[in-house]
Amino acid sequence: ATKEISWVIRLVSEVRSVRSEMNVPPHAKITLELVAPTNSDRERGERHQETIERMARLDHISFVTVASSGTAIIVFDETTAALPLRGVIDMDAERTRLHKEIKRSYSEIAKIKSKFANSGFMAKAPEAIIEENRDRQADFEDQIRRLKTALKRLDISI
Numbered sequence: 355a356t357k358e359i360s361w362v363i364r365l366v367s368e369v370r371s372v373r374s375e376m377n378v379p380p381h382a383k384i385t386l387e388l389v390a391p392t393n394s395d396r397e398r399g400e401r402h403q404e405t406i407e408r409m410a411r412l413d414h415i416s417f418v419t420v421a422s423s424g425t426a427i428i429v430f431d432e433t434t435a436a437l438p439l440r441g442v443i444d445m446d447a448e449r450t451r452l453h454k455e456i457k458r459s460y461s462e463i464a465k466i467k468s469k470f471a472n473s474g475f476m477a478k479a480p481e482a483i484i485e486e487n488r489d490r491q492a493d494f495e496d497q498i499r500r501l502k503t504a505l506k507r508l509d510i511s512i
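Quick note: the sequence shown uses my numbering, first residue 355, plus one each step.
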């Protein structure tokens, strides 16, 4: 039972992450496709369908052998799911936005690294400022990982 609830929570979390990453409007009800589900995934999906739909703001869950085109792919454990987003978001505009955000984040990291390379800055800056810049760099690196994951989800779906 614990494993089953963990699966439901993970699925809902992944769907919410994709919705957030891809700027899917909160009011948009979308379909979740469980792709070539194992018997246990199908049974879990059917048993907890209402909960998953409500918590992930889905129109419905379908069980398919192949994902539709224009989807964002979710993979965890042995589960593969797809969120058809074509028509819900502009896929090309979203891809462009993600590339732009990645580029901006790399630019911010470069600025921070140039501060660290400046011996005058490192000698004069208070430790709190240096630590703040390290934290900012880590945040931008984390953001780049998330954005690349979102971009990969889109690129898989073409």
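Where is the CB? At the ideal position from N, CA and C, for every residue including glycine.
- Annotation for Glu-448: the continuous alpha helix (DSSP H) segment containing it runs 445–471.
- Straight across, the Cα-Cα distance linking Val-362 with Ser-461 is about 38 Å.
- At the C-beta level, Thr-425 and Ala-390 stay beyond 8 Å of one another.
- By the Cβ neighbour-count rule, Met-376 is buried, with 16 or more other Cβ atoms within 10 Å of its own.
- One thing to note: Val-369 has its Cβ within 8 Å of the Cβ of Ile-428.
- In this structure, the straight-line span from the alpha carbon of Ala-421 to that of Glu-387 is close to 7 Å.
- A check of alpha carbon separations from Ile-456 across Val-366, Ala-504, Ala-435, Ala-479 identifies Ala-504 as the nearest.
- Apart from the 5 residues on each side of it in sequence, Arg-500 sits with its Cβ closer than 7 Å to the Cβ of Glu-375 in its chain, given in chain order.
- For Asp-413, the enclosing beta strand (DSSP E) stretches over residues 412–418.
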